[in-house]
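Going by this note's numbering, the first residue of the sequence shown is number 108, and it counts up by one from there.
Each residue gets a CB set at the ideal place from its N, CA and C atoms; glycine is no exception.
Keep in mind the model is a prediction, meaning the values are calculated, not measured.
This report refers to the structure that appears directly beneath it.
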Amino acid sequence: MPPLKEKGEKTMWKEIWEDLYGRPLFLCTIFLAAGVAASRVFPQLLSFYPASLYLLSGFLVLAVVALVSKSFPRHYFLPVFLIIFFILGIFNFQRVFQVPGEDISNYVSPHIIVEGIVWEEPRRDNNRVTFDLKCLGIQTSEGGEKVSGKARVSLYGGGEKFSYGDRVEVSGKLSLPPQKRNPGGFDYRFHLLTREVTVLLRAGGPHQVQLIGSGEGNYLIAKSYQLKKEITNLLEENLSSREASLLKGIMLGAREEMPGELEESYRRAGMAHLLAVSGLHMGLIALLVMGFFRGLKVGDKYAWPLLFFVLIIYLFLIGFKPSAVRAVLMLFLGAGGYFFKRDKDPLTAVAFAALIILLVKPLWLFTISFQLSFMAVLALIMLTPFFESRLNFLPPTLKKIVSPTLAAQLGIMPLTAYYFYEVSLGSLLANILVLPLTGLVLGLGITGLLGIVILSPLGQLLFIVAEVLLVYMTWVAELISGLQVTYFRVNPPPVAWIFIYYLILLFLVPREEFYKGIKALNLSQINTCLNGYGDKALKLCLVIILLMVWLPAWQGQALMTVVFLDVGQGDSIFINTSSGQNILIDAGGRPLFQQQEEYDYISDYVGERVVVPFLRHQGVRELDLVILSHPHEDHYGGLLSVIDHFPVKIMAAPPVEREVPLYQELMSLVEEKKIPLLYLGSGDRLKVGRDYLIDFYNPPEILFQGTPSDINENSLVFKLTRGDISFLFTGDAESRAENYMLDSGYPLKSQVLKVGHHGSNTSTGESFLEAVDPVISIIQVGQNTFGHPSPQTMDRLEEKGVLIYRTDEKGAVTVTTNGENINIKTFINQN
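Printed below as a string of structure tokens:
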């Protein structure tokens, strides 16, 4: 029998609720964020947009009635407001997600002239200049129209003469940003929407941008850009290039010119937060400014308003980054509590900051900066007292550094694993060695700038000291990031596990400072909370876990999964066999004609940003087999990143040499990693695991020569069979290879055909198609200048009655089979 409770005894859950009930702002913020998140997770709610306004109005009327009515039950007040804020979150998301009819995104065209105002300082990266354009009007073949919205302009070959506030005419190609097209992929369209940008505008050169006016932006923003430029110039004049880029990151959050290897060292060492303007920076600036004012005997009545004036200027300077905005709002609420003699409540301050931000910018909820910033500060509030009470064996100064560092790292660890696929264990040591100097470096940077203006030798001396400290910080970052035991790559945890992680932190760490009278949970307390049934609940949980472990064994025959990734104009196919082997066929890359696309600044966009994240998302830790169909860039380009990130047991390729630097780099990497390399061709058979055989039908022993494309004709062509279901992978093999396989009498018949050479007319001939006799065909194709897939190939497939799936239309195509049946799922569902 469960123990009887004494009358009036409070359960732990009731105490938690009462404590939260005393923080209505915190609860309202949680429900507002839940409404915003629900709109993102459930797109069906977008159709709820008109109704949400009426429903919100109805609950607001109910709230007014509740407030003025004496008969309305008081304990219903908060639930009514929580519902209001949840609906407000849905409404607010839809308000910014639904673009109006005059938005520039409704005028996508390959040739268009857009008039607008340069809405940020142009950013240069190699041969490309980018900036956001506030659109005012368009000119097309049908005439001109007024438009609204913003476009991300990419200009190749110049553009430095343009600056914020200039009115320009840009002629070029207007297109929608790419969406998430693969599991684990990046939704660039939504990413830009969080910055209120809805389209991409690509201009070929400076001659396609005409200046027609200037000085039309916001005066304060224009002045902040001017000040930022002057600060940047002073830093570059007084510091070496590497340290100047580092101090620009610390002071201004500007990392555009920072060397990639330097930024990577800071990230791997767990010191990247020093390069992003955050609450740490805002707090240090507040201390410096308040110290300066108090040194001048300025009273708090005037010092606080002056401080916020300085912080607002600083926000303009750094571009209103979420972490900085959060810190200023928390300081603002703290100042209000100070003036009105109210107790400080950090949780309410965090909630206030999040509430204001989400009301104005609801899409910021989904940005990495917002999530890292708020999770870090919540962890600092909740966990720092816990560590301080248990690290009494440390010197007080060291304890003050270690406790918040541990708290923050525990708070953001799942997010860094989820977004960056890495965890740094050296961050604690790095921050102990560096964190005390951060405020000093920031102070030296600010006073050095003032010193240069007032007394140049003094400013130069301060910058010399700052440079010495910056060199030391970089040495620490490089030292710790170079230690193999302090940094390792991980696969992203499932979202459900992230929530479980935070629940464990919430319930297992004492929080006497915030929830008075509530201790850390243990089994006896759980038993009490569950009215004496804790032991049974624990046993039930163990049974459920056991069922989850054995569930796959009860699902009958295991499935083989084949995913045809959308890598644009290229091939990449991932196979997970029913016995657990991981096979990767090609990894995409950039064809030569795509060397100046939106992601030109990334040396290996497809491998690093598409294939590797997909493999991480699939939980892949190593690849049992990598097959390179043939040495063309759109098939092997991404393999360099894949091999760098994942151990590979065996690699197979056709015996074809190619004397180009990128391919030679790939072969050097294979040799460096000591990956066994097999050169295969027709008649070869490869066994994968215990149950799978791969039969190779091409290239022949004597390679094709003198054809229009020898490399394509010598592609590996092979068949993988699972029970009664076969997959034929053809690479870019063309007519000569197809005729050779037909003449050789190979058993080509397969239910699933990877259409050769992206649907080219020189592949998938009528006789070859007759021999394969597929039920399903997949064409891996993207934007190209070759006319792929050709109408003739499409006609042959349609006349044969073959189902056609194109990655440029459907995104990634996933085919699963148990050896008897086939199931197909496309990442982008289209009718």
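DSSP state of residue i mapped onto helix, strand, coil
i, result
"Ser867", "coil"
"Arg375", "helix"
"Lys507", "helix"
"Gln632", "With a pLDDT of 46 at Gln632, under the threshold of 50, the modelled position of this residue cannot be trusted; read the value that follows with caution. Looking at Gln632 - three-state DSSP - the assignment turns out to be helix."
"Ser874", "helix"
"Asn928", "coil"
"Ile911", "strand"
"Thr933", "strand"
"Thr923", "strand"
"Phe977", "The shown model of the chain, from 108 to 938, leaves out residue 977, and the question about it has no answer."
"Leu381", "helix"
"Met104", "Residue coverage of the chain in this structure runs from 108 to 938, which leaves residue 104 outside it and unanswerable."
"Asn689", "strand"
"Ser347", "coil"
"Asn325", "coil"
"Thr237", "strand"
"Thr828", "strand"
"Lys408", "helix"
"Phe138", "helix"
"Asn805", "strand"
"Ser270", "coil"
Beta-carbon spacing of residue i, residue j below 8 Å
i, j, result
"Gly675", "Val718", "no"
"Ala524", "Leu551", "no"
"Leu735", "Tyr743", "yes"
"Leu308", "Gly279", "yes"
"Leu793", "Ala759", "yes"
"Arg401", "Ala393", "no"
"Met437", "Val457", "yes"
"Pro207", "Ser255", "yes"
"Leu132", "Leu462", "yes"
"Ser884", "Ser857", "no"
"Leu240", "Gly223", "yes"
"Leu953", "Leu346", "As displayed, the chain neither begins before 108 nor continues past 938, which places residue 953 out of reach and without an answer."
"Ala919", "Phe671", "yes"
"Ser518", "Leu485", "The question names Ser, but residue 518 in the sequence shown is Gly. Cβ atoms of Gly518 and Leu485: closer than 8 Å."
"Leu823", "Gly838", "yes"
"Gly533", "Gly377", "yes"
"Gly714", "Val749", "yes"
Residues bridged to residue i [DSSP beta-bridge criterion]
i, result
"Gln317", "Glu276"
"Leu307", "Arg259, Ser282"
"Ile245", "Val221, Glu252"
"Ala759", "Ile734, Leu785"
"Tyr332", "BP columns for Tyr332 are empty, so no partner."
"Glu529", "Arg596"
"Tyr799", "Val795"
"Asp232", "Arg235"
"Val859", "Phe834, Ile883"
"Phe439", "Bridge partners of Phe439: none, in fact."
Contacting residues, own chain, Cβ-Cβ under 8 Å from residue i (five flanking each side not counted)
i, result
"Thr237", "Pro229, Arg230, Arg259, Val260, Ser261, Leu262"
"Leu522", "Ile475, Gln478, Leu479, Met482, Ile605"
"Ser331", "Ile420, Phe423, Leu424"
"Ile464", "Pro429, Val432, Arg433, Leu436, Trp471, Phe477"
"Pro469", "Val143, Gly196, Asn199, Phe200, Arg202, Val203"
"Leu189", "Leu134, Cys135, Phe138"
Supposed close pair residue i, residue j - CB separation, criterion 8 Å
i, j, result
"Leu395", "Ile553", "7 Å"
"Ser372", "Glu585", "5 Å"
"Glu772", "Leu747", "7 Å"
"Leu939", "Glu350", "Residue 939 lies beyond the stretch modelled for the chain, which goes from 108 to 938, so this question has no answer here."
"Gly947", "Thr923", "The structure shown does not extend to residue 947, since the chain is modelled only from 108 through 938, so no value can be given for it."
Beta-carbon contacts of residue i that lie in its chain and below 7 Å, excluding the five residues immediately before and after
i, result
"Lys112", "With a pLDDT of 46 at Lys112, under the threshold of 50, the modelled position of this residue cannot be trusted; read the value that follows with caution. Taken in chain order, the list of residues that qualify is empty."
"Thr491", "Ser510, Pro511, Ala514"
"Gly356", "Arg362, Met365, Leu382"
"Lys907", "Leu876"
"Phe753", "Leu722, Val727, Glu729, Leu730"
"Gly872", "Ser842, Glu845"
"Gln702", "The pLDDT assigned to Gln702 is 44, lower than 50, so where the model puts this residue is not dependable, and the model offers no usable value."
Beta-carbon proximity list for residue i, same chain, < 6 Å, skipping 5 on both sides
i, result
"Ile709", "Legend: pLDDT at Ile709 = 40, less than 50; position of this residue unreliable, value from coordinates given subsequently. No residues qualify anywhere along the chain."
"Gly322", "Gly272"
"Asp902", "none"
"Lys287", "Asp294"
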